[in-house]
Amino acid sequence: MDKYLNLTRTIEKEVSERAGEAIEERRSIKELLQGKALKALEEARALLDKSVEALLKKDYMELKRNLWLASSNTEYAAFLLAKTLGEKPRITLKNPVRGEGDLDGLLAYSIQNLEEAYFNLKRGGNLEAYKLVKTTRLTLTKLLELLEKKK
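Throughout the sequence shown, residue numbering follows our numbering, covering 1348 to 1498 in sequence.
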């Protein structure tokens, strides 16, 4: 009987240790994904700064290029954030602009949302960061559509 009791305790201990390792591994993966999402947001923010410069110079080709790259980075950040949340959250986003919008305002709105998303993510607010990133992505799409209409 003692043999079985010792064997049971050994198995329970081993299972408990492995479960702890799995939890730590999951936590470190989440931290890795958050770090990559922060980096993608930083890159998107830098590209939006370049977009502002291009807009001021009226260099619409450079503006479009920077917006596409920023959009790509925000989509990547959204993907990573969705992974940290376990599954893609079901959220409803409001269209940032109805009808015609101005490039300056939409660009400022995108920058503001990215900054908020970044700071939310730094504080561990992954869901709120995800919502802001998806809103930014929607806004960048609208900006690109407006640029196409200007042609």
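Quick reminder that beta carbons are idealized off the backbone N, C-alpha and C, glycines included.
Between the stretch 1419-1433 and the stretch 1402-1411 there are fewer than three inter-stretch CB-CB distances shorter than 8 Å, so the stretches are not counted as touching.
DSSP places lysine 1405 in the coil class of the three-state scheme, outside both helix and strand.
Contact between asparagine 1420 and glutamate 1390 holds, since their C-beta atoms are separated by about 5 Å, short of 8 Å. Here leucine 1428 carries a helix assignment [DSSP, helix/strand/coil]. Take the alpha-carbon of threonine 1482 and the one of threonine 1357: they are about 51 Å apart.
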